[in-house]
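All remarks here apply to the structure that follows.
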Amino acid sequence: MAKIRVEGLKKSFGSNHVLKGIDMQVEEGEVVCVIGPSGSGKSTFLRCLNRLEDITAGKVYVHDQNINDPSIDINKARENVGMVFQHFNLFPHFNVLKNITFAPVELGKQNASEARASALKLLERVDLSDKAEAFPSQLSGGQKQRVAIARALAMNPDIMLFDEPTSALDPEMVGEVLGVMKYLASEGMTMIIVTHEMGFAREVADRVIFMDGGYIVEEGPPEKVFGSPEHERTISFLEKVL
Ligand SMILES: Nc1ncnc2c1ncn2[C@@H]1O[C@H](COP(=O)(O)OP(=O)(O)OP(=O)(O)O)[C@@H](O)[C@H]1O
Numbered sequence: 193m194a195k196i197r198v199e200g201l202k203k204s205f206g207s208n209h210v211l212k213g214i215d216m217q218v219e220e221g222e223v224v225c226v227i228g229p230s231g232s233g234k235s236t237f238l239r240c241l242n243r244l245e246d247i248t249a250g251k252v253y254v255h256d257q258n259i260n261d262p263s264i265d266i267n268k269a270r271e272n273v274g275m276v277f278q279h280f281n282l283f284p285h286f287n288v289l290k291n292i293t294f295a296p297v298e299l300g301k302q303n304a305s306e307a308r309a310s311a312l313k314l315l316e317r318v319d320l321s322d323k324a325e326a327f328p329s330q331l332s333g334g335q336k337q338r339v340a341i342a343r344a345l346a347m348n349p350d351i352m353l354f355d356e357p358t359s360a361l362d363p364e365m366v367g368e369v370l371g372v373m374k375y376l377a378s379e380g381m382t383m384i385i386v387t388h389e390m391g392f393a394r395e396v397a398d399r400v401i402f403m404d405g406g407y408i409v410e411e412g413p414p415e416k417v418f419g420s421p422e423h424e425r426t427i428s429f430l431e432k433v434l
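The sequence shown begins at 193 in the numbering used here and counts up one residue at a time.
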């Protein structure tokens, strides 16, 4: 069973046809990096995978469940899919630990002491054990993003979606966040990552998808997409960014 299956996905905002027919599938443990020019619909595509956007046409299946079926419990479906955004969206008035434990406790997945124990383990995984009591304002951008990753992992998802997780970071902090993502990949997490970090995509992705103009123009293993791209638009994009 594919973890995610997308068929004929279209998304328009009024007369702006952003996604014009996307077909793709992601298998368990696959790491897929989505690259493409600004405005090509990468974030919109990712948001459609968690029903943060209503789609215009097509089907999106997550764990074989049609997430746009109005009869499903979308909040329940979203519990299996962690999402990390460019801007960390941490609760400023909660400390790190409470940022991580809040959702599992509120949603009744764990009691307070179980959630605390798991959060401390997650903080070890993102190398922030010493920041459990800190507030977001006391953290660097890279640390905040690592807390955001730990928070997403607290719901014990088996799919993680990342929307340009390093774009808002100072360059010296990019590596620490990519390092955590590499670690998740090595643990076998299924991940879709919209990114401008071509080096990371080349090194970590099992598959790279190049999106442009609302379509998947080209996809394949990184050595293929970066090493011998076939499409004129891929070639011209890569010439600009590499
Ligand atoms: N909520 C919205 N309402 C109207 N238009 C939107 C909305 N969200 C996105 N768009 C439009 O959809 C198009 C694609 O945007 P999207 O953010 O998906 O692109 P992107 O490839 O992720 O770009 P970037 O790399 O700059 O983040 C843009 O033209 C944008 O203006």
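Beta carbons: idealized from backbone N, C-alpha and C, even for Gly. Nothing here was measured: the structure is a model prediction, and the numbers come from that model.
>> From the DSSP secondary-structure annotation, give me the bridge partner or partners of K290.
In response: None; K290 has no bridge partner.
> So what does I214 bridge to, in DSSP terms?
Replying inline: Bridge partners of I214: L201.
> Mapping DSSP to helix, strand and coil, what is G274?
Replying inline: G274: strand per DSSP, three-state reduction.
>> By the DSSP assignment, the alpha helix (DSSP H) with A340 in it spans what residues?
In response: Looking at the DSSP string, the run of the alpha helix (DSSP H) that includes A340 is G333 to L345.
> For ligand 1, is there a heavy atom less than 6 Å away from the beta-carbon of T236?
Replying inline: Taking 6 Å as the cut-off, one finds at least one heavy atom of ligand 1 near enough to the beta carbon of T236.
> Hey, is G233 close to ligand 1, as in C-beta under 6 Å from one of its heavy atoms?
Replying inline: Annotation for G233 indicates a beta carbon within 6 Å of some heavy atom of ligand 1.
>> Any contact between the region 276-289 and the region 309-328? By contact I mean 3 or more CB pairs, one from each, below 8 Å.
In response: Taking 8 Å as the limit for Cβ pairs, the verdict is that the region 309-328 does touch the region 276-289.
>> For V339, tell me which candidate among T236, P328 and M347 has the shortest Cα-Cα distance.
In response: Among T236, P328 and M347, the Cα nearest to that of V339 belongs to P328.
> If you count every other CB in all the chains shown that lies within 10 Å of the CB of S310, and 16 or more means buried, which is it?
Replying inline: Per the 10 Å Cβ criterion, buried.
> Rounded to the nearest angstrom, how far is the Cβ of Y253 from that of I214, given a contact under 8 Å?
Replying inline: Between Y253 and I214 a beta carbon distance of about 13 Å is seen, past the 8 Å cut, so the two are scored as non-contacting.
> Are the Cβ atoms of P296 and A346 separated by less than 7 Å?
Replying inline: Taking a C-beta distance under 7 Å as the contact criterion, P296 and A346 qualify as a contact pair.
> Apart from the five residues just before and just after V366, which ones in its own chain have a Cβ nearer than 6 Å to its Cβ?
Replying inline: Around V366: T358.
> For R425, which residues does DSSP report across the bridge?
Replying inline: Note: R425 sits in no beta bridge, so no partner.
> Using the rule of at least 16 other Cβ atoms within 10 Å of the residue's Cβ for burial, across every protein chain shown, is F277 buried or exposed?
Replying inline: Buried.
> Who does C240 pair with in a DSSP beta bridge?
Replying inline: Its beta-bridge partners do not exist; DSSP assigns none.
>> My output table needs one value for E411: the three-state DSSP class, helix, strand or coil.
In response: The answer is strand: DSSP assigns E411 an E or B state.
> Whose CA, out of H255, H209 and S204, lies closest to the CA of A194?
Replying inline: With distances taken between Cα atoms, A194 lies closest to H255.
> Under 7 Å between the Cβ atoms of V386 and E356?
Replying inline: The Cβ atoms of V386 and E356 lie closer than 7 Å to each other.
> How would you call F429, buried or exposed, if buried means at least 16 neighbouring beta carbons within 10 angstroms?
Replying inline: Label assigned to F429: buried.
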